[in-house]
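Numbering (the numbering used here), first residue to last: 3 to 201.
One structure is given below, encoded as structure tokens.
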Ligand SMILES: Cc1cc2nc3c(=O)[nH]c(=O)nc-3n(C[C@H](O)[C@H](O)[C@H](O)COP(=O)(O)O)c2cc1C
């Protein structure tokens, strides 16, 4: 499987790092990862103190390089994840403005009928954000908000991130750490020791 990962300037670069690490760890199933980081994505990641893994399976493409393979449907990428996805990027994809490689690759992924997973992060959402997300869903994208859950009793930030990133892996049809309800140990552990009641 060949997967494109786009990273844009929304908060939550840590989700991108974890997705990249998880994909790189699935060598048998994932043969290539194309990484595209927008200028703002790089700045926000640096601000949040997050670096991205260096792995032979990860190939980086510049976001202004329209000659890069992800710009073409014939390059045969199987799926694309944009994590985190800024509302600006959501809007560009929703309106078909393919002015950078991330938006172009997303456009190509949709037109080829391949899986596009968009992980937006913003709050609160205005009507333009909501309408743009509806447009993406109508076009066939999976809108998977960076909305972590707590019922698996995450012990630290990494475990909290996994409640989002495991869902991304699940949507890609890849094995994941089980941080989804009923998805494995965390949920079973939660059932075995229910949380104390919260006032
Ligand atoms: C520290 C920081 C945090 C930001 N967080 C968000 C966010 O959570 N969601 C969002 O849509 N934009 C956020 N932005 C604004 C985007 O970075 C900005 O709209 C940018 O133009 C997006 O560009 P890109 O889509 O090319 O990466 C943030 C900006 C900064 C500097």
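All residues carry an ideal CB built from backbone N, CA and C; glycine is no exception.
Query, Result
"Tell me the residue span of the beta strand (DSSP E) that contains residue 146.", "First-last for residue 146: undefined, no H or E at that position."
"Could you name the residues of the same chain whose beta carbon sits closer than 6 Å to that of residue 16, not counting the 5 residues immediately before and after it, in chain order?", "52, 163"
"Look at the Cβ atom of residue 137, then the Cβ atom of residue 107, and state whether they are nearer than 8 Å.", "no"
"Can you find the residues in the same chain that come closer than 8 Å, C-beta to C-beta, to residue 5, ignoring five residues on each side of it along the sequence?", "25, 32, 34, 35, 36, 79, 80, 81, 82, 83, 174"
"What's the gap between the Cα of residue 9 and the Cα of residue 93?", "15 Å"
"For residue 66, does the count of other Cβ atoms within 10 angstroms reach 16, so buried, or fall short, so exposed?", "exposed"
"Quick check: the Cα distance between residue 68 and residue 41, rounded to an integer number of angstroms?", "15 Å"
"Let me confirm a value: residue 152 is counted as buried when at least 16 other C-beta atoms fall within 10 Å, else exposed. Which label applies?", "exposed"
"From residue 89 to residue 97, what distance separates their C-alpha atoms?", "12 Å"
"Given the structure, does residue 30 come close to ligand 1, in the sense that its CB is under 7 Å from one of the ligand's heavy atoms?", "no"
"From residue 121 to residue 43, what does the alpha carbon distance come to, in whole angstroms?", "13 Å"
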